[in-house]
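Asks: Position in the sequence shown counted from 1, then plus 4, gives you my numbering. Have a look at this one.
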Amino acid sequence: MTDVALRRLEKSFGRTPAVRGIDLDAPAGRLTVLLGPSGCGKTTLLRLIAGLEEADAGEIRIGGRLVNDLSPRERDVAIVFQSYALYPHMTVFKNLAFALKMSGMRRAAINARVREVAKMLQIDDLLARRPRQLSGGQQQRVAMGRAMVREPQVYLFDEPLSNLDARLRAQMRAEITRLQRALGTTMIYVTHDQVEAMTLADHVVLLDRGRVAQAGPPLDIYNRPANLFVASFLGAPPMNLYETRILGQVDGAVLVALPQGALARVRIKGRPPERLTPVTLGIRPENLLLGDAAPAADTLDADVTRVERLGAQTHVVLACSDMQLIAIADGEARIAVGDRIRVHLPGSRCHLFDIAGRAM
Ligand SMILES: Nc1ncnc2c1ncn2[C@@H]1O[C@H](COP(=O)(O)OP(=O)(O)O)[C@@H](O)[C@H]1O
Ligand SMILES: [Mg+2]
5 MTDVALRRLE KSFGRTPAVR GIDLDAPAGR LTVLLGPSGC GKTTLLRLIA GLEEADAGEI
65 RIGGRLVNDL SPRERDVAIV FQSYALYPHM TVFKNLAFAL KMSGMRRAAI NARVREVAKM
125 LQIDDLLARR PRQLSGGQQQ RVAMGRAMVR EPQVYLFDEP LSNLDARLRA QMRAEITRLQ
185 RALGTTMIYV THDQVEAMTL ADHVVLLDRG RVAQAGPPLD IYNRPANLFV ASFLGAPPMN
245 LYETRILGQV DGAVLVALPQ GALARVRIKG RPPERLTPVT LGIRPENLLL GDAAPAADTL
305 DADVTRVERL GAQTHVVLAC SDMQLIAIAD GEARIAVGDR IRVHLPGSRC HLFDIAGRAM
């Protein structure tokens, strides 16, 4: 099995830096997701790995081998683009067979391999059709099949599901996970969609403007964001953030000022900062305690300014003096705009970020 390792990788287009010194490890046999907002360099990274772009500096290793100077073909990776780019005049069979034919494989072997992959992707009854006779999901499967027939060392996927509707996306996510487990091939999957990243990835690399913001298992990143960018990118509704100050420390916890004279007691890893140090306090909507769930001490009185009923959950927008919070309540929660409600921020669920945005 083959891992992919990038070291100090850099790439600019003219004066536009796209990749600014990236160290990244995609473990062998695992599904690594590159996640980040549009323009953060995801496609450029994939194209660099595939050999479709040349790096300005840094190393690209596939299975330990330095591949910077190898052609795309010699790198033995297969890429699936966002636009499927199927050959419109060819049948599904010919679309799948094309790369094999080009590589000079014998006809009987091509036939067997195409049917095997088509079966795996459940498109074996569509082999005689042309792309325009297929649904979006079926076209997507053919595009994946074209990459899979070759049995490359590494699969690269660039936002392959973004043209599909939500239901089909969920179904394809499950299929990609199943396929990746079954094949055991190293996969690097690019998306801007955090749900896709959380549900697919063994390993997530979150990118911010051409740099790695944080890498690790999805829940580690969700639960322990290394900085404000990561904290606010992951999670919907996003983490609540409040700019405030440290008031002191007691029993190994720092005291953080909240509105209405309340405090949050937060444990941090490093040395406690001085009194009045400015910080940003973060707490996820699902971690706020509302109403009767709030303890007696250190509660805030908040005004309910908006209620969004999603069915399974209710999103509640709250105003407490100069602090705005979004909380998640039950689908049936008896809460209405104009209510006044108690809110507690449990210190064990709070995150603190320093003035540079780093987790404390
Ligand atoms: N061929 C190109 N020529 C000029 N600029 C490019 C080119 N490709 C990408 N860029 C720029 O590089 C940055 C990263 O782009 P890209 O890798 O496509 O991001 P993403 O896939 O995360 O949306 C963007 O600022 C983009 O405008
Ligand atoms: Mg892109």
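Just so it is clear, CB atoms sit at the ideal spot from N, CA and C, and this is done for glycine as well.
Kindly indicate the opening and closing residues of the beta strand (DSSP E) around Ala192.
Replies: The sequence given here places Ile at residue 192; Ala does not occur at that position. Its beta strand (DSSP E) spans residues Thr190 to Thr195.
Asks: Is Lys273 helix, strand or coil by DSSP?
Replies: Lys273: coil per DSSP, three-state reduction.
Asks: I'd like to confirm something about Ser42: is its beta-carbon nearer than 7 Å to some heavy atom of ligand 1, or not?
Replies: Judged by the Cβ position, Ser42 qualifies as a neighbour of ligand 1 at the 7 Å threshold, a heavy atom of the ligand being closer than this.
Asks: For Ile26, does the three-state DSSP call read helix, strand or coil?
Replies: strand
Asks: From which residue to which residue does the alpha helix (DSSP H) around Tyr380 run?
Replies: The question about residue 380 has no answer, for the chain in this structure spans 5 to 364.
Asks: Ligand 1 and Gly45: does the residue's C-beta get closer than 7 Å to at least one heavy atom of that ligand?
Replies: At least one heavy atom of ligand 1 is nearer than 7 Å to the Cβ of Gly45, so yes.
Asks: State the DSSP-derived secondary structure class of Ala9, mapped to helix, strand or coil.
Replies: strand
Asks: Would the beta-carbon of Arg34 fall within 8 Å of that of Asp206?
Replies: yes
Asks: Excluding the 5 residues preceding and the 5 following Met202 in the sequence, name in chain order all residues of the same chain whose CB lies nearer than 6 Å to its CB.
Replies: Pro222
Asks: CB of Glu200 to nearest heavy atom of ligand 2: below 7 Å?
Replies: no
Asks: Considering Asn244, what are the terminal residues of the beta strand (DSSP E) in which it resides?
Replies: Asn244 to Val254
Asks: When you measure from the CB of Phe17 to every non-hydrogen atom of ligand 1, does any distance come out below 7 Å?
Replies: yes
Asks: To the nearest angstrom, how far is the alpha carbon of Glu58 from that of Tyr193?
Replies: In this structure, the CA atom of Glu58 is about 20 Å from the CA atom of Tyr193.
Asks: Leaving out five residues before and five after Pro242 in sequence, what residues of the same chain have Cβ atoms less than 7 Å from its Cβ?
Replies: Same-chain partners within the cutoff: Ser236.
Asks: Using the beta-carbon count (16 or more within 10 Å), is Met176 buried or exposed?
Replies: buried
Asks: For Phe17, count neighbouring C-beta atoms within 10 Å of its own C-beta (all shown protein chains included) and say buried if the count is 16 or more, exposed if not.
Replies: exposed
Asks: Measure how close the beta-carbons of Ile96 and Val153 come, nearest whole angstrom, since I'm counting them as under 8 Å.
Replies: A small fix is needed here, since residue 96 is Val in this sequence, not Ile. Wrong, their Cβ atoms sit about 12 Å apart, outside the cutoff.
Asks: Among residues of its own chain, excluding the 5 on either side of Gly141, which ones have a beta-carbon nearer than 8 Å to its beta-carbon?
Replies: Answer for Gly141: Leu168, Leu172, Gln175 and Met176, listed in chain order.
Asks: Could you give the DSSP three-state label for Gln198: helix, strand or coil?
Replies: helix
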